[in-house]
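Residue numbers (the numbering used here): 18 to 71. Beneath this line is the structure, given in C-alpha cells, with notes to follow.
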C-alpha cells in the first residue's frame with residue numbers, strides 16, 4: 018500500500034541498463050508467481066532529458 022493513500026498500490030521499478038528511450042516500452046509485473054498480461058507500456062527517457070536547469 019502507498020502511505021497516505023487508501024487503496025493505492027505503489028510499485029517501485031528500476032529500468033535496466035541498455036533500454037533505449039521511447040514512448041512505449043513494454044511493462045510486465047510479477048507478484049507471488051502471477052505475471053501480468055504484458056499489455057501495459059511506459060515512456061522511457063534518457064537521464065540527460067530529465068535534468069532540471071537552474
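The beta-carbon is built from N, C-alpha and C at its ideal position, and this holds for glycine as well. Just so it is clear, the structure is predicted and the values come from calculations on it, not from any experiment.
Where do the N-terminal and C-terminal ends of the beta strand (DSSP E) with residue i fall, by residue?
| i | result |
| --- | --- |
| residue 58 | 57 to 61 |
| residue 41 | 39 to 44 |
For my contact list, residue i and residue j are in at a C-beta cut-off of 8 Å; report their separation, rounded to the angstrom.
| i | j | result |
| --- | --- | --- |
| residue 45 | residue 35 | So it is not a contact: roughly 17 Å between Cβ atoms. |
| residue 59 | residue 42 | 6 Å |
By Cβ distance below 8 Å, which residues in the same chain neighbour residue i in space, the five residues on each side in sequence not counted?
| i | result |
| --- | --- |
| residue 19 | 25, 26, 27 |
Note down, in chain order, each residue of its chain lying with its Cβ closer than 7 Å to the Cβ of residue i, except the 5 sequence neighbours on either side.
| i | result |
| --- | --- |
| residue 32 | 61 |
| residue 53 | 45, 46 |
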